[in-house]
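**Q**
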Amino acid sequence: MAIGSTRGKRRLGRHLRPILERSGLKVDEVVKLSRVSRPTITRMLSGEALARWPALSMVLDVIGATPEEKTRALQLWEVADVDPSAIEHARDLPANYKRLRMDELEAVRERTLDSALIPGLLQTAGYAEAVARATHRQIIGDSWDSRAAAERSDRQEALTRENPIEYHALIDEAALRRLVGGPDVMREQLDHLVAIAERPNVTIQVLPYAIGAYGAQVGAMFLLDFDQSDEPRAAYVEALTGMLPVEDEEAEVLSAVWDDAARLALTEEDSVGLIRAVRDALGD
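To convert, note that position 27 of the sequence shown is 1055 in this note's numbering; the numbers rise steadily by one, no gaps.
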């Protein structure tokens, strides 16, 4: 059984749940009739694990799936198990951050809002290392700061791949002015923001101090959209304890909060102008 939460596994779980509900059977009854373990069935339904096909096929028979539903289940099963080895340092990453990374591999659009730091997809190596040193207690393994830059570089391939993700970042002015890593690191980081804002798939807007309070001023949020019509938006918030996935209606609330903040942000042109001004204030 493949452990881990990928979008394919969650889609398969969403496919199975209404079939189970229609059958009128309880999970324990399915366990008895199919001889598939309870943990296997519950993890399949939640999208946290992928059973072997014979076990899934037995469950489908027991809950009365139609031939069309079985065919669809097989299609979802075949694409469900994304290999985390495609993500550099996957074994070092906290589970929910790895889940975000795996979602980014499949997403066509990502929107972020950061109130304190430059977002990961836009960080330079020096900035990423400085952030890693500051957050070492939240990361698995030792010496993460020495590998953080490589992990960020691997993640940022989403912006430059053959079909790049459409990325729209809202960044609080505080993140531009916070000297993460010192003046030299920040000069390089701000120069990078100006350069990457020229990419057609990247939009950067700054939330200036002048707007006062807005709806999301603690931590960061991530909203990811996919090209499948039946695939709901993925949402995450970053808390002191790490990345937290947000589901269903709460994800739509976060999307509305992001939209409200975007309306308050500077235009792309004015945002780049402010980034340049903060950079110039740091001198050479």
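Glycine included, each C-beta is placed from N, C-alpha and C at the ideal position. Here the structure is a predicted model, which means the values were calculated and not measured.
Can you tell which of D1056, A1079 and P1095 has its C-alpha closest to the C-alpha of L1040?
**A** Comparing Cα-Cα distances from L1040 to each of D1056, A1079 and P1095, the minimum goes to A1079.
**Q** If you follow the alpha helix (DSSP H) that Y1155 is part of, which residue opens it and which one closes it?
**A** Where Y1155 is concerned, the enclosing alpha helix (DSSP H) stretches over A1153 to A1162.
**Q** Within the same chain, show all residues whose beta-carbon is closer than 6 Å to that of R1066, passing over the 5 residues directly before and after it, in chain order.
**A** Result list for R1066: V1059, in chain order.
**Q** So I1232 and E1296 are supposed to be a Cβ contact under 8 Å. How far apart are they, rounded?
**A** Contact flag correct, Cβ pair sits at about 7 Å.
**Q** Whole alpha helix (DSSP H) runs in the stretch 1178-1219 with 4 or more residues, listed along the chain?
**A** The stretch 1178-1219 contains these whole alpha helix (DSSP H) runs: 1201-1205.
**Q** What span of residues does the alpha helix (DSSP H) with T1264 cover, start to end?
**A** The question names Thr, yet the displayed sequence has Tyr at residue 1264. Careful: Y1264 lies outside any alpha helix (DSSP H), inside the beta strand (DSSP E) at A1262 to A1267.
**Q** Whose CA, out of D1089, L1044 and G1052, lies closest to the CA of R1063?
**A** The residue with the shortest Cα to Cα distance from R1063 is D1089.
**Q** Between the stretch 1304-1311 and the stretch 1153-1161, are three or more C-beta pairs nearer than 8 Å?
**A** These segments do not touch.
**Q** Are the stretch 1083-1099 and the stretch 1043-1056 touching, with three or more C-beta to C-beta distances below 8 Å?
**A** Segments in contact, yes.
**Q** Out of G1243, Y1264, A1244 and P1211, state which residue places its alpha-carbon closest to the alpha-carbon of D1253.
**A** The shortest C-alpha separation from D1253 is found at Y1264.
**Q** In the DSSP assignment, what are the bridge partners of Q1233?
**A** L1198.
**Q** Per DSSP, what are the beta-bridge partners of T1140 in this structure?
**A** According to DSSP, T1140 bridges with A1197 and F1250.
**Q** Does the Cβ-Cβ distance between V1136 and D1255 come in under 8 Å?
**A** Closer than 8 Å, so yes.
**Q** One question on the structure: do D1131 and A1248 come within less than 8 Å of each other, judged by their Cβ atoms?
**A** No. Outside cutoff.
**Q** Tell me whether the stretch 1177-1197 and the stretch 1145-1152 touch, counting them as touching only if at least three CB pairs, one residue from each stretch, are closer than 8 Å.
**A** Taking 8 Å as the limit for Cβ pairs, the verdict is that the stretch 1145-1152 does touch the stretch 1177-1197.
**Q** Nearest to T1269 by alpha carbon, out of I1303, A1083 and N1124?
**A** The residue with the shortest Cα to Cα distance from T1269 is N1124.
**Q** Per DSSP, what are the beta-bridge partners of P1273 in this structure?
**A** Bridge partners of P1273: Y1264.
**Q** With the cut-off set at 8 Å, would you say A1153 and S1181 are in Cβ contact?
**A** Contact flag set, yes.
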